[in-house]
Amino acid sequence: MDANDYNACVREWADALFRFACKCTGQQSDAHDVVQNSFEVLWQKRNEVQPGKAKAYLFQVAYRQSVDNYRKRVKVSFIERPEETYTPSANPDLKKILDRALAQLDEQSRALVLLKDYEGYSYEEIAQITGLNDSQVKVYLHRARKILKEYLVSVENII
Numbered sequence: 002m003d004a005n006d007y008n009a010c011v012r013e014w015a016d017a018l019f020r021f022a023c024k025c026t027g028q029q030s031d032a033h034d035v036v037q038n039s040f041e042v043l044w045q046k047r048n049e050v051q052p053g054k055a056k057a058y059l060f061q062v063a064y065r066q067s068v069d070n071y072r073k074r075v076k077v078s079f080i081e082r083p084e085e086t087y088t089p090s091a092n093p094d095l096k097k098i099l100d101r102a103l104a105q106l107d108e109q110s111r112a113l114v115l116l117k118d119y120e121g122y123s124y125e126e127i128a129q130i131t132g133l134n135d136s137q138v139k140v141y142l143h144r145a146r147k148i149l150k151e152y153l154v155s156v157e158n159i160i
C-alpha cells in the first residue's frame, strides 16, 4: 500500500469507522482516539496490508482498541448506573432507546451487533475482524439479540 492508497482509505472509511467506534465506545472523544490510532496502525503496517483488505484491517484494529478501552475503563471505575424507567407519556426517541438497549450489552456483543446490523458485514467478515470463528459469531449474535429483545420488551415496552 502506498500513500495514495492510504489516503483513499482515509477518505473512504473514516466516517464509517468513526460511527462504529462511537457505538462501541459510547463517547465521541474515545471514538476519535480509536479512529486516529487505527489509521496510525494502518500507516505503520502499510507494507503488510493490501489495499483491498484495508477496510477489514481498520475495523479489526478499531474493534480491538474499543475492547481494550472498555477493559481499562472497567478496571478503573465501578460506577453503578441508575436503573432507567420507561414513561409512556414521554414518547421517547427510538435512537435513544436503541442506544440504551445497546448499552446493556458487553463490549464484544455490542461490537458484533454493530458490525452485523449497523455496518452490514457478513458473518465471515465479522469472524475475520474479531478473530472468532463463524459459529461463535452466530452464537454470540444470537445471544446479544436475545438480550436486546428482553430489554426492549421488559424495560422499554417496544416489542
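Numbering-wise (this note's numbering), the sequence shown opens with residue 2 and increments by one. Glycine included, C-beta positions come from ideal geometry on N, C-alpha and C.
- Following the DSSP letters along the chain, one finds Gln109 inside the alpha helix (DSSP H) bounded by residues 108–114.
- It is roughly 15 Å from the alpha-carbon of Lys24 to the alpha-carbon of Ala145.
- DSSP places Tyr122 outside both helix and strand once states are collapsed to three, so it counts as coil.
- DSSP places Glu41 in the uninterrupted alpha helix (DSSP H) bounded by 29–45.
- Within the model, the alpha-carbon separation for Leu116 versus Lys150 is close to 18 Å.
- Closest in C-alpha terms to His143, from the list Leu153, Leu113, Val156, comes Leu113.
- Counting C-beta pairs closer than 8 Å gives three or more between the region 10–17 and the region 46–60, which meets the contact rule.
- For Asp135, the enclosing alpha helix (DSSP H) stretches over residues 135–155.
- If the five residues before and after Ile127 are omitted, its C-beta is found closer than 7 Å to the C-beta atoms of Leu113, Leu116, Lys117, Val138, all from its own chain and listed in chain order.
- Scanning its chain for C-beta atoms nearer than 8 Å, with the 5 sequence neighbours on each side dropped, one finds around Ile148 the residues Gln105, Leu106, Ser110, in chain order.
- Exclusion of the five residues before and after Leu133 leaves no residue of its chain whose Cβ lies closer than 6 Å to its Cβ.
- In terms of Cβ geometry, Val35 and Leu43 do not form a close pair [threshold 9 Å].
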